[in-house]
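S.K.: What follows is a structure written as structure tokens; I'll ask about it next.
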Amino acid sequence: MLNIHKVSVSFQGDYLFEDITFRLGNGDRVGLVGKNGAGKSTLLKILSGELETSSGQIAEEKDLRIGFLKQDIDFIFGRTVLEESYQAFSEIKALEAKIEDINTQLAERTDYESDGYHQLMIDLNEIQHQYEIIGGYSYQGETEKILQGLGFKREDFNKLTDTFSGGWRMRIELAKLLLQHNDVLLLDEPTNHLDIESIIWLETFLKGYTGAVVIVSHDKMFLDNVTNRTIEISLGRIYDYPKPYTKYLVLREEMRIQQLASQKNQQKQIEQTEKLIEKFRAKASKATMAQSLIKKLDKIDRIEVDADDNSVMTLNFPVSITPGKVVVESEGVAKHYGDLQVLNNVELLVDRDSKIAFVGQNGQGKSTLAKIIVGDVDYEGKLKLGHNVQIGYFAQNQAEYLDGSRTVLDTMIDAANETNRSKVRDILGSFLFRGDDVDKYVRVLSGGERNRLALAKLLLQPLNVLVMDEPTNHLDIKSKNVLKEALRKFEGTLILVSHDRDFLKGLTNKVYEFKDQRIREYLGDIDFYLEQRNIENLRDIEKRDVVKKQVDKTQSKQSYQNQKKLKSINNRLSKVESQINQLEKEIKDIDVAMETNYNATVAQANFFENYQHKKDLLQEYMENWEGIQLELEKL
Numbered sequence: 009m010l011n012i013h014k015v016s017v018s019f020q021g022d023y024l025f026e027d028i029t030f031r032l033g034n035g036d037r038v039g040l041v042g043k044n045g046a047g048k049s050t051l052l053k054i055l056s057g058e059l060e061t062s063s064g065q066i067a068e069e070k071d072l073r074i075g076f077l078k079q080d081i082d083f084i085f086g087r088t089v090l091e092e093s094y095q096a097f098s099e100i101k102a103l104e105a106k107i108e109d110i111n112t113q114l115a116e117r118t119d120y121e122s123d124g125y126h127q128l129m130i131d132l133n134e135i136q137h138q139y140e141i142i143g144g145y146s147y148q149g150e151t152e153k154i155l156q157g158l159g160f161k162r163e164d165f166n167k168l169t170d171t172f173s174g175g176w177r178m179r180i181e182l183a184k185l186l187l188q189h190n191d192v193l194l195l196d197e198p199t200n201h202l203d204i205e206s207i208i209w210l211e212t213f214l215k216g217y218t219g220a221v222v223i224v225s226h227d228k229m230f231l232d233n234v235t236n237r238t239i240e241i242s243l244g245r246i247y248d249y250p251k252p253y254t255k256y257l258v259l260r261e262e263m264r265i266q267q268l269a270s271q272k273n274q275q276k277q278i279e280q281t282e283k284l285i286e287k288f289r290a291k292a293s294k295a296t297m298a299q300s301l302i303k304k305l306d307k308i309d310r311i312e313v314d315a316d317d318n319s320v321m322t323l324n325f326p327v328s329i330t331p332g333k334v335v336v337e338s339e340g341v342a343k344h345y346g347d348l349q350v351l352n353n354v355e356l357l358v359d360r361d362s363k364i365a366f367v368g369q370n371g372q373g374k375s376t377l378a379k380i381i382v383g384d385v386d387y388e389g390k391l392k393l394g395h396n397v398q399i400g401y402f403a404q405n406q407a408e409y410l411d412g413s414r415t416v417l418d419t420m421i422d423a424a425n426e427t428n429r430s431k432v433r434d435i436l437g438s439f440l441f442r443g444d445d446v447d448k449y450v451r452v453l454s455g456g457e458r459n460r461l462a463l464a465k466l467l468l469q470p471l472n473v474l475v476m477d478e479p480t481n482h483l484d485i486k487s488k489n490v491l492k493e494a495l496r497k498f499e500g501t502l503i504l505v506s507h508d509r510d511f512l513k514g515l516t517n518k519v520y521e522f523k524d525q526r527i528r529e530y531l532g533d534i535d536f537y538l539e540q541r542n543i544e545n546l547r548d549i550e551k552r553d554v555v556k557k558q559v560d561k562t563q564s565k566q567s568y569q570n571q572k573k574l575k576s577i578n579n580r581l582s583k584v585e586s587q588i589n590q591l592e593k594e595i596k597d598i599d600v601a602m603e604t605n606y607n608a609t610v611a612q613a614n615f616f617e618n619y620q621h622k623k624d625l626l627q628e629y630m631e632n633w634e635g636i637q638l639e640l641e642k643l
């Protein structure tokens, strides 16, 4: 399907990776992993054809369709969610325009017996046939199904994309990609903007995907659930094994241990041979033997141990000054976006040195309350910060808070003041921005590199309160561990928005659960909270459909009534579907008759009126079918 042979990429003479070779085939679900900046997103751009290689070849099958989900996307404003999603069907939309044009001409013209009118009918029949073949009558239902799987509700379909956050726009882009039926899917951090239910839906979708998938992700659980192969980019090389991520790590470590043992044994043999050479070299009678041993030594294929990139950033958040006892206090805080009420009558009291986790399903207001605290959005009610409070804020959507036209160094200098400007390069170095890296423009940085730059900026401002919204997005696993350790040592007040249990574990002593526009306080760490909620992990909280073990009599009665309604609706649905099938068959028979013997067919009395009546009736039945389907879904 796709062959990559000895591909290299270099920037200004330095190789990002060199002479990498691998093949992608149907059914391959590859987890592409590695440190931030190792070249994962660059490799995806090469596979998609967006970026040229410095050397090497990429061979692909004829008419191969490749879909690419990037970390950052550009949207055309003014379209609804459905209109934007339908952009995935460019061929279908073009045929729809042709059908509409021909129908308009047929309605306006009266020269029914002319050759031109006859040709229009033939053209219409051919286009409708082609339209049916490529899925013109099913793409709308398929689109709605995908959108609902990604978390959209029916009432969202006709809302403008302008009104949605970057994360929801990313879901629309993902929906378009999944609707295009590509042969190869390239997904760059697809789970960063998805809640748990949507992640689980995407996992199921990808498991059944017959083409090839390459996924860049730092979500270990997602990789383990979806992939069957792992390719790691490390120090310019790739390591390719037919195992999901966790099993790959075990396998690679076992191989490194074997390599070390083999290398150690080989080194012993080499040292013994060298001693014999020195010993025989001194004697003329043994000179021939010494030469023989030297040749043998030269022919030895030296065992190399796979290098491992262990470089990590260094991070420490110093507290500026001691704030007052109460850091944040809110009373009756509410927030709505248009008709959507997100928060209502929220009461919050944050004491100095608290370590707080905001958890709950996406869309329940976690990020919104974080933005209210840092003064990023307006709201109703009262909220005040305590004495001497200095807040450092890490936003989830870093791309919107960093200027892509500035370099890494300029970004830091802009954020610095007179006292710490001289330390900018040292800070950047500790965050792995070294040498020419500081002259890179922000727009060319990977998602993980942008997160590291945003963390570095935090160190330039005085702070005693940290508000962090999904700080682990885009960060590689080693960087996550460094960040967690730095937050664990932080002596100020911490507010963390996250659904990552492993990351939250050991960091917080208080949990606020966001649900139904309110918040509920749990005085304990994340494990205590999960224990109180009697669940194993955050996935269980964020699922919308909670199955209760005990059903009381009222629920049983309600269930019986629902079963009766369900049966009635299904009967109506079957009847309408039968009527639709019958009408579609009748219309198709007429189309065939017109194609084979046009004049005789249209000569029948009131032919065009009857023909149009059948089409109108079909449209009426289709609308009726949609209405019944809605009833069925609600039930």
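Under this note's numbering, the residues of the sequence shown are numbered 9 to 643, in order.
Glycine included, C-beta positions come from ideal geometry on N, C-alpha and C.
Since this is a predicted model, take the numbers as computed values, not measurements.
1) Of the choices Ile435, Pro470, Glu478, Phe511, whose alpha-carbon is the least far from that of Gly500?
2) For His344, which beta-bridge partners are listed by DSSP?
3) Starting from Glu240, trace the beta strand (DSSP E) both ways and give me its first and last residue.
4) Tell me whether the region 510-522 and the region 429-445 touch, counting them as touching only if at least three CB pairs, one residue from each stretch, are closer than 8 angstroms.
5) Taking Cβ to Cβ, would you say Leu393 is nearer than 8 angstroms to Val335?
6) For the beta strand (DSSP E) that contains Asp27, what are its first and last residues?
7) Can the beta-carbon of Ile54 be found less than 8 angstroms from the beta-carbon of Phe30?
8) Of all the options Arg541, Asp418, Asn324, which has the alpha carbon lying nearest to the alpha carbon of Lys497?
9) For the putative contact between Met9 and Leu32, defined by C-beta atoms under 8 angstroms, what is the C-beta separation to the nearest angstrom?
10) Identify whether Thr199 lies in helix, strand or coil by the three-state DSSP scheme.
11) Within 10 angstroms of its Cβ, does Ser375 collect 16 or more other Cβ (buried), or is it exposed?
12) Quick check on the DSSP output: the alpha helix (DSSP H) that includes Gln404 runs from which residue to which?
13) Quick check on this structure: which residue in Tyr217, His395, Val41 has the alpha carbon closest to the alpha carbon of Asn34?
14) So is Ser576 buried or exposed if we call it buried at 16+ other beta carbons inside 10 Å?
15) Go ahead and pull the three-state DSSP assignment for Met263.
16) Between which residues of its own chain and Arg580 is the CB-CB distance below 7 angstroms, once the five residues before and five after are set aside?
17) Any chance you could list the beta strand (DSSP E) runs of at least 3 consecutive residues sitting entirely within the region 60-129, in chain order?
18) Among the candidates Asn233, Gly371, Gln266, whose CA atom is the shortest distance from the CA of Lys251?
19) DSSP on Tyr256, reduced to helix/strand/coil?
20) Excluding the five sequence neighbours on either side, which residues of its own chain have a C-beta within less than 8 angstroms of the C-beta of Arg451, listed in chain order?
21) Mapping DSSP to helix, strand and coil, what is Asn166?
22) Pull up the distance between the alpha-carbon of Val327 and that of Leu461, whole angstroms please.
23) Beta-carbon separation of Val17 and Ile66 under 8 angstroms?
24) Rounded to whole angstroms, what's the CA-CA distance from Asp553 to Glu58? Just pull it up for me.
25) Quick one: Cα of Glu26 to Cα of Thr330, how far?
26) Considering just the uninterrupted stretch of the beta strand (DSSP E) at Ala365, what are its terminal residues?
27) Taking Thr171 as part of the alpha helix (DSSP H), name the residues at either end of that continuous run.
28) Taking all protein chains shown into account, decide if Glu628 is buried (16 or more other Cβ within 10 angstroms of its Cβ) or exposed.
29) Rounded to whole angstroms, what's the CA-CA distance from Leu186 to Leu474? Just pull it up for me.
30) How would you label Ser49, buried or exposed, when you count the other beta carbons within 10 angstroms and need 16 or more for buried?
31) Go ahead and label His137 buried or exposed: buried means 16 or more other beta carbons lie within 10 angstroms of its beta carbon, across all protein chains shown.
32) Per DSSP, what are the beta-bridge partners of Glu388 in this structure?
33) Could you give the DSSP three-state label for Glu426: helix, strand or coil?
34) I want to know whether the region 221-233 touches the region 38-47 - three or more CB-CB distances under 8 angstroms.
35) Along the chain, where does the beta strand (DSSP E) that runs through Thr480 open and close?
36) Give the DSSP-derived three-state secondary structure of Asp36 in the structure shown.
M.R.: This is what the structure holds:
1) Pro470
2) Gln349
3) Where Glu240 is concerned, the enclosing beta strand (DSSP E) stretches over 237-242.
4) With the rule of 3 Cβ pairs closer than 8 angstroms, the region 510-522 does not count as touching the region 429-445.
5) yes
6) 22-32
7) No.
8) Asn324
9) 5 angstroms
10) Of the three classes helix, strand and coil, the one that applies to Thr199 here is coil, per DSSP.
11) buried
12) From DSSP, Gln404 is part of no alpha helix (DSSP H); its letter is neither H nor E.
13) Tyr217
14) exposed
15) helix
16) Counting only Cβ-Cβ distances below 7 angstroms, and skipping sequence neighbours, we find Ile636.
17) As summarised for the region 60-129, the continuous beta strand (DSSP E) elements at least 3 residues long and confined to that stretch are 63-68, 74-77, given in chain order.
18) Asn233
19) helix
20) Gly412, Ser413
21) coil
22) 20 angstroms
23) no
24) Residue placement at Asp553 is flagged as unreliable, the pLDDT there being 45, under the threshold of 50; the coordinate-derived value follows with that caveat. Those two C-alpha atoms are separated by around 41 angstroms.
25) 51 angstroms
26) 363-367
27) Taken as a continuous stretch (DSSP letters only), Thr171 belongs to no alpha helix (DSSP H), as it is neither H nor E.
28) exposed
29) 38 angstroms
30) Counting the other CB atoms within 10 Å of its CB gives Ser49 a total of 16 or more, which places it among the buried residues.
31) Exposed.
32) Ala342
33) coil
34) yes
35) Element bounds for Thr480: n/a, residue is neither H nor E.
36) coil
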